[in-house]
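Enquirer: Residue numbers (my numbering), protein chains in the order written: chain A, 7 to 117; chain B, 4 to 117. Below are the structure tokens for one structure; questions will follow.
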């Protein structure tokens, strides 16, 4: 199994606070993704990365930024959290055949 | 642009009954297709995938899915449902080049009754 960890697993924050979520992989995979999951919407892509310092926007990227300075880490930052960003955030990696393997998720609540 | 439709938001079946979850996709070429399952409070687990070849694919936990190009469908089936199958199921489509973001359907929640 591909090793993916996400931290923190749970976070409660206040509106206007910056928040950074971390995704860490142990398998040296090139492609990494951030999705958010909301009831009635399934999973929607926020940003993805196809290598160190190479990232691109997804469907719901407004209000989010990402960074990837090392192959193993992909960071998602909410510069100024809003209540609409309350969600469950999943990180994923692409395995060699395009199948994606998901991390355990981070539940974020913005009050 | 790719899209996935799962027409059924919630399905309830009796334990031991057969199951079919519907998935329709939109994609300009032959897609990569996936079914994932998510138990309450858990992450996503891959049930099965279709890349090419035999249009009937077998997955884990006794699930299978059939790719029908003419109908743009990739329906998930199981002949006999167990109470532990209660979960949310997501269909997803990806590009055949691989290593591209997946587009997910909105999910179908499965409830299993005795």
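Backbone N, C-alpha and C fix where the C-beta goes; we use that ideal spot for every residue, glycine too.
#1: Using 8 Å as the cut-off, can you tell me whether the region 86-94 of chain A makes contact with the region 40-47 of chain A, which would need three or more C-beta pairs spanning the two stretches below that distance?
#2: Kindly identify the DSSP beta-bridge partner or partners of residue 23 of chain B.
#3: At 9 Å on the CB atoms, spell out the chain A contacts of residue 35 of chain B, in chain order.
#4: Find the nearest neighbour of residue 5 of chain B within the set B/16, B/76, B/15 and B/28, judged by alpha-carbon distance.
#5: Rounded to a whole number of angstroms, what is the C-alpha to C-alpha distance between residue 89 of chain B and residue 48 of chain A?
#6: What are the boundary residues of the beta strand (DSSP E) that includes residue 69 of chain B?
#7: Under 8 Å, Cβ to Cβ, is there at least one residue of chain B near residue 47 of chain A?
#8: How many Å lie between residue 84 of chain B and residue 15 of chain B at the Cα?
#9: Determine the contact status of residue 112 of chain A and residue 12 of chain A, defining contact as a CB-CB distance below 8 Å.
#10: Does the beta carbon of residue 78 of chain B sit closer than 8 Å to a beta carbon anywhere in chain A?
#11: Taking only beta-carbon positions, decide if residue 51 of chain A is within less than 8 Å of chain B.
#12: Thinking C-beta only, is residue 111 of chain B closer than 8 Å to residue 32 of chain B?
#13: Would you check if there are 3 or more beta carbon pairs closer than 8 Å linking the region 98-115 of chain A to the region 42-62 of chain B?
#14: In the region 26-57 of chain B, which residue ranges form an unbroken beta strand (DSSP E) of at least 3 residues, counting only runs that do not cross its ends?
#15: Could you confirm whether any beta carbon from chain A is found closer than 8 Å to the beta carbon of residue 54 of chain B?
Expert: In terms of the structure at hand:
#1: yes
#2: B/80
#3: Close partners of residue 35 of chain B in chain A (Cβ separation under 9 Å): 103, 104 and 105.
#4: B/28
#5: Within the model, the alpha-carbon separation for residue 89 of chain B versus residue 48 of chain A is close to 17 Å.
#6: 67-71
#7: yes
#8: 11 Å
#9: yes
#10: no
#11: yes
#12: No, the pair does not count as a contact, with Cβ atoms beyond the cut-off.
#13: yes
#14: 27-29, 35-41 and 47-53
#15: yes
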